[in-house]
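In the UniProt record's numbering, the protein residues as written are 1 to 164.
Glycine included, every Cβ here is placed at the ideal spot set by N, Cα and C.
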Amino acid sequence: MDFTLTPTLDAHDTRILAELQADARLSMAELGRRVHLSQPAVTERVKKLEAAGVITGYRATVNLTRLGYGIRGIIRVGRADYDLVAKLVQETPECVNAYNVTGEDSWILEIAVIDVPHLDAVLAKFCILTETAASIILNPAREHQPMLPPRRADVKPPVRKALA
């Protein structure tokens, strides 16, 4: 494996990534069986993927509802001082994910709160800085999608009608 800025991944590496994204608790022996490599070979490949920054960590996925968070939502934060918003995000434990983005908004925040009054309290913190808009997530259609290296063959140009 040649790991430069964009590492070259072969079929074994891709299978390793798929298997670990599905279940990061696999033993190296079981992972090796699944991808048809020996335990030492798969362990070496995983270490190289980690060293190259392709695998950046392992974590448990938790059910926020079971933890007591009855509402998940999105807060769109308008243009505001980057440092102030970044500091407030770090001070707000209800922020599950925070993204500094381009476009009309400067931030998109995913939050988890107990109920509507809790949502209002979290929203109020950000309303002080700038305009905000909030949406409640009714049903997540896709989360934690395993990602594999892109293949150019999968990217098709849009179909354009010929002008007569």
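Collapsed DSSP secondary structure at residue i in the structure displayed
i    : result
A134 : strand
V46  : helix
L37  : coil
A141 : coil
R104 : Reading the sequence as shown, one finds Glu at residue 104 and not Arg. Three-state result, E104: coil.
D13  : helix
D115 : coil
Start and end residues, beta strand (DSSP E) containing residue i
i   : result
I74 : I71 to V77
Y99 : C95 to N100
V54 : Looking at the DSSP string, V54 is not in any beta strand (DSSP E), and its letter there is neither H nor E.
Distance between residue j and residue i (C-alpha atoms, nearest Å)
i    : j    : result
V77  : Y69  : 22 Å
L138 : R72  : 8 Å
V35  : V46  : 12 Å
H118 : L64  : 15 Å
A80  : L129 : 6 Å
A86  : L109 : 11 Å
I75  : I111 : 7 Å
E131 : A124 : 10 Å
M28  : N100 : 36 Å
A141 : L31  : 29 Å
P146 : P7   : 18 Å
Delimiting residues of the alpha helix (DSSP H) encompassing residue i
i   : result
V89 : Y82 to Q90
Burial state of residue i, where buried means 16 or more other Cβ atoms lie within 10 Å
i    : result
V42  : buried
I136 : exposed
A98  : buried
V96  : exposed
D10  : exposed
R15  : buried
Those residues which DSSP pairs with residue i across a bridge
i    : result
L109 : I75 and A98
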